[in-house]
Each structure stands twice: as structure tokens, then as C-alpha cells.
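Numbering (the working numbering), first residue to last: 1027 to 1107.
So, in C-alpha cells, the structure goes:
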């Protein structure tokens, strides 16, 4: 099954600087969504909302506070009103 690509933009603090981040929703082979975060053409991280309620970094080297802040913004964008 091929679903349409979902992408949107957020603004997040990274290393004490405000960054505009493009977020692209992707899926693992078993259909679990994860999110690729890019600044320009450079991927800075991949995040997934784990079943135990915490955002985890699949790839990248951001600190946990930054991961959780970005995850919260992703959650706000993907959660229906």
C-alpha cells in the first residue's frame, strides 16, 4: 500500500537557535510512522512516537529535550482538531 507523503513545517530551538524544519512522515516496512526532520536538504534526525508515550530518535544526535520539543510540535500538527 502506497500512502501519500505527508509533510509540514515547524519551528524549533536547536542549539539555542530557532530553525525552520521540514518534517516528512514516512513508514517502516510494517506500517509504523516515523518522521524525517530536515533543515534545507540536510536530514538532522528521524523521530518516532513510541507506544509508551515518549518520542525517540531513530537517527541523529539531538539531545533528549530537543527531541521531545520537536516531537510535541509534530504531535500538534498530526493530531486532528
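Beta carbons: idealized from backbone N, C-alpha and C, even for Gly.
In this structure, the beta-carbon distance from residue 1071 to residue 1086 falls below 7 Å.
If you draw a 10 Å sphere on the C-beta of residue 1061, you find 16 or more other C-beta atoms in it, and that means buried. Annotated three-state conformation of residue 1077 is coil, per DSSP. By DSSP's assignment, residue 1086 forms a beta bridge with 1071. Under the DSSP assignment, residue 1053 falls in the beta strand (DSSP E) whose first and last residues are 1043-1053.
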